[in-house]
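Under the numbering used here, think of the first position of the sequence shown as 44, with each following residue one higher.
The beta-carbon is built from N, C-alpha and C at its ideal position, and this holds for glycine as well.
Predicted model only: the values in this text are computed from it and were never measured.
To start, the structure under review is shown below, and the notes come after it.
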Amino acid sequence: MISRVGKTCKHWLIKIAYFSLKVIYARRKHSVSPPATTGPPEFERIFRAQANCSEYFPIFVFSLWLAGVFFSQALAVFFGLMYLYGRYLYFHGYAESAQGRLEPLYFSAKMQWVLIALAGLGVVCTITQAYLGLDLLHSFSHVLGLTEHT
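Right, here's the structure in full:
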């Protein structure tokens with residue numbers, strides 16, 4: 044069960060490494076030596092895009108795992124991959140122009156909120172089943188017509 048969520052995390056780590064390499068290449072191209080974080084606008088956009096993606100890593104991983112463990116691994120992986128796709132577009136859009144980051148930013152934020160909602164719903168349903176004996180996930184599935192009444 045956990046392997047699909049783990050593979051999605053692996054994709055994110057690869058993307059973080061890729062974004063970090065892009066910063067290294069931008070530092071060399073624009074002669075910005077560490078620890079400096081300012082330079083030409085092209086460098087600063089790439090640096091900020093990488094930093095921003097790294098800042099959201101803990102939230103993404105936490106919500107991805109919670110959604111995968113407590114709600115649905117398939118849905119968590121799907122929305123996780125959509126989030127990663129949005130972050131990839133965000134990075135490259137931001138590298139081109141500050142305005143180019145907005146649409147992918149909004150898309151990836153929506154995917155992140157879906158993961159948070161799935162995680163929250165999964166945790167609440169697990170708690171209600173464990174302590175109240177109510178299987179809310181099954182009830183929701185039945186109301187939505189996803190399962191037959193048993």
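Between F122 and V157, the CB-CB gap stays under 8 Å. In the three-state scheme derived from DSSP, where H, G and I count as helix and E and B as strand, Y99 is classed as coil. Secondary structure in the region 119–181: the alpha helix (DSSP H) runs of 4 residues or longer, each lying completely within the stretch, are 145–175 in chain order. Excluding five sequence positions before and after T81, the CB atoms of its chain that fall closer than 8 Å to its own CB belong to V75, E87, given in chain order. G111 carries a helical assignment under DSSP once its states are collapsed to helix, strand and coil. In this model, I89 and A79 are separated by some 14 Å (Cα to Cα). Only residues of its own chain outside the window of five on either side were considered, and among them H54, W55, K58 have a CB closer than 7 Å to the CB of L127, listed in chain order. The alpha-carbon separation between A69 and S106 amounts to approximately 31 Å.
Around the CB of A138, 16 or more other CB atoms lie within 10 Å, so the residue is classed as buried. Separation of the CB atoms of G129 and F150 is rounded to 4 Å, and the pair is thereby assigned contact status at 8 Å.
In chain order, I89, Q93 place their CB closer than 7 Å to the CB of K65, counting only its own chain and leaving out the 5 sequence neighbours on each side.
Restricting attention to Y174, L175, C168, A173, the CA atom closest to the CA of H181 is found in C168.
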